[in-house]
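Numbering (the working numbering), first residue to last: 300 to 407. Okay, structure first, notes after.
In structure tokens:
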């Protein structure tokens with residue numbers, strides 16, 4: 300079989316070697332997965348914050364506490380929950396960054 304020549308009007312694609320193309324695709328997938336993971340962490344923190352705030356509010360109202368005290372307590376608990384979730388995201392991100400730096404140094 301001879302070499303196939305494309306039609307003159309057809310755009311010619313000069314694809315990189317297969318391993319280079321695979322490396323590019325894996326890098327794109329890794330970036331996308333990392334962004335998705337971050338979004339899911341934020342969603343989980345927001346859900347946890349809402350649930351904890353509502354739990355405190357329901358408990359306060361069921362114990363017949365004053366409105367002001369229940370709302371204040373629910374806001375404080377929800378704020379603390381959100382802050383601790385944010386700290387956990389930062390800590391896990393920092394730990395991942397440190398681990399990746401150590402791995403790169405070992406490979407180099």
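We put the beta carbon where it would ideally sit given N, CA and C, even for glycine.
For residue 368, the uninterrupted alpha helix (DSSP H) segment begins and ends at 366-406. A Cβ-Cβ contact shorter than 8 Å links residue 352 with residue 373. Distance from the CA of residue 330 to the CA of residue 339, rounded to the nearest whole angstrom, comes to 14 Å.
Between the alpha carbons of residue 333 and residue 326 lies a distance of about 11 Å. Setting aside the 5 residues that flank it on each side, residue 388 is surrounded in the same chain by 337, 340, 341, 344, each with a C-beta closer than 8 Å to its C-beta; the list follows chain order. In this structure residue 348 is in contact with residue 377, their Cβ atoms being roughly 5 Å apart against a cut-off of 8 Å. Cβ-Cβ distances below 7 Å link residue 360 to 369 in the same chain, with the five nearest sequence neighbours on each side left out; the list follows chain order. Rounded to the nearest angstrom, the gap between the Cα atoms of residue 402 and residue 306 is 48 Å. Scanning the stretch 303-360 from its first residue to its last, no whole beta strand (DSSP E) run of 3-plus residues comes out.
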